[in-house]
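Per the working numbering, the very first residue in the sequence shown carries number 1300; after that it's consecutive. Worksheet for the structure shown next.
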Amino acid sequence: MALTKFILRKVRLPLKFAFKTAKTTLFTREILILEVQDDSGQSGYGECVAFSEPFYTSETQEMALTTLQNLDLSAISALWESNQLEDLASLFPEKLPMTQASLEMALLDLKTRKAGTNLVESFFPQETLASHVFAGSVLGEMPEAELLKQTAILVEQGIHRIKFKISPTTNLKILKAIRNTYPDLQLAVDANQSFSDYRKLLTLDELSLACIEEALAPVAWQDYAPLSAQLKTPLCFDERVLRLSDLQTLRQELPNPIWVNLKIGRLGGLYATREIIAYCKKENIPFWVGSMVESGLSKSLHLQLSALPGNAMPGDFADSAHYFEEDLITPPIQFSAGNLKRPDGAGLGVTPNRKALENNTTAIYTRLFD
Ligand SMILES: [Mg+2]
1300 MALTKFILRK VRLPLKFAFK TAKTTLFTRE ILILEVQDDS GQSGYGECVA FSEPFYTSET
1360 QEMALTTLQN LDLSAISALW ESNQLEDLAS LFPEKLPMTQ ASLEMALLDL KTRKAGTNLV
1420 ESFFPQETLA SHVFAGSVLG EMPEAELLKQ TAILVEQGIH RIKFKISPTT NLKILKAIRN
1480 TYPDLQLAVD ANQSFSDYRK LLTLDELSLA CIEEALAPVA WQDYAPLSAQ LKTPLCFDER
1540 VLRLSDLQTL RQELPNPIWV NLKIGRLGGL YATREIIAYC KKENIPFWVG SMVESGLSKS
1600 LHLQLSALPG NAMPGDFADS AHYFEEDLIT PPIQFSAGNL KRPDGAGLGV TPNRKALENN
1660 TTAIYTRLFD
């Protein structure tokens, strides 16, 4: 089947709350949704999770939009027809992994949807994926009373793990109070690279956290060593690791345990993510699956990845309704007592909600393959 249409949408999903991290406050999530159609009229969907501003990595939605609008469609067709989707990377600048991942996602969705197979299962044929995945939540920075209240609500809902966003102005005593109230709950923190003095993080050890994510403002790889050496809690890496070679360097520089937060967009797609998972297994680096305040299309892949054997803790997953009035999939993600049946349908595993997609599209660009 030949590719026929390349449809790029700017989509704006208002958030139900202001999501505050050390680097930004999000009120609205703007994403790009890419749809590729073939001559049978079937579609595959990809989501570009680059943010509007470069607070997370240097890649922005504007860069993604320009790149996707100017892609050589005949080169994509050639890779599609010769079944060489692993080579899509050759069409993209190295600094745009999320843009690259969105095209790969759309084409892989179309390919597996047509074959009637599940994309993630087909990527890991040797592995048995868990039938259910667990909810883990992220709480942004907020007033202390509100943080306590939100934590209690999540515990009541059956949450399996909570990750708190922290920055140098966070009162760490509040986390100590939460730990004392819930001694057995799995907890983690994410500083989004906001601490420049590592000694301020040493007291976190007493909280029995699963990991401390992106603790330090960007430093040379070896400069994580003093913090890592003085903590019992493992350091976890997210935005600092964009490719396999970053993780390999960390492994060499840090003698102590490290964890990695997997996000398909940041790592440049599923092929690259699979390679990193294989490396993690070889080197005994615990991995788990994060999220990008993304729509259910992209999140469905993250949910499924978290069902892989070896996944170290529940991902950053909550109900669609926690974030958005309407999600781009139907049915929306909805956990029951902290558990969700793993999406296992064809392609991405979920059904796109065309009406929601149209409702939230702010611009649309259509091109035709030759
Ligand atoms: Mg993070």
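Just so you know, even glycine gets a beta-carbon here, dropped at the ideal spot from N, CA and C. Given the structure is predicted, the values throughout are model-derived calculations rather than measurements.
For the pair Glu1505 and Asn1491, the CB atoms are not nearer than the 9 Å cut-off. As the crow flies, the alpha-carbon of Pro1630 is around 13 Å from that of Glu1624. Distances from the alpha-carbon of Val1454 to those of Leu1364, Gly1435 and Thr1469 put Gly1435 closest. Within 8 Å of the C-beta of Gly1589 there is at least one heavy atom belonging to ligand 1. In this structure, DSSP gives Phe1463 an extended state, which the three-state scheme calls strand. For secondary structure counted as the beta strand (DSSP E) over 3 or more consecutive residues, the segment 1301-1336 holds these complete runs in sequence order: 1302-1319. The closest CA to that of Ala1524, considering only Ser1507, Phe1634 and Arg1498, is found on Arg1498. The Cβ atoms of Leu1503 and Leu1515 do not sit closer than 9 Å to each other.
One Cα belongs to Asn1659, the other to Gln1633, and the distance between them is close to 21 Å.
A check of alpha carbon separations from Tyr1344 across Asn1652, Ala1662 and Asp1669 identifies Asn1652 as the nearest. In this structure Ile1576 is not in contact with Leu1543, their Cβ atoms being roughly 10 Å apart against a cut-off of 8 Å.
Relative to the non-hydrogen atoms of ligand 1, the Cβ of Glu1440 never comes closer than 8 Å to any of them.
Glu1358 has its Cβ no nearer than 8 Å to any heavy atom of ligand 1. Asp1618 has its Cβ no nearer than 8 Å to any heavy atom of ligand 1.
For the pair Ser1466 and Ala1487, the Cα-to-Cα distance works out to about 14 Å.
Here Leu1484 really is in contact with Ile1461; their C-beta atoms are around 7 Å apart, less than 8 Å. Of all alpha-carbon atoms in Pro1642, Leu1627, Met1591 and Gly1595, the one lying nearest the alpha-carbon of Ala1606 is that of Pro1642. For Asp1496, there is no enclosing beta strand (DSSP E), since its DSSP letter is neither H nor E. Contact between Leu1395 and Asp1408 does not hold, since the beta-carbon distance rounds to 20 Å and is not under 8 Å.
Shortest gap from the CB of Asp1537 to any heavy atom of ligand 1: under 8 Å.
Where Ile1557 is concerned, the enclosing beta strand (DSSP E) starts and stops at Ile1557 to Leu1561. For Lys1531, there is no enclosing alpha helix (DSSP H), as DSSP marks it with neither H nor E.
If you look at Ala1444, you'll find it in the alpha helix (DSSP H) that goes Glu1443 to Gln1456. For Val1437, no alpha helix (DSSP H) segment is defined; the enclosing uninterrupted segment is the beta strand (DSSP E) at Gly1435 to Leu1438. A residue is called buried when at least 16 other Cβ atoms come within 10 angstroms of its Cβ; His1431 does not meet this threshold and is exposed.
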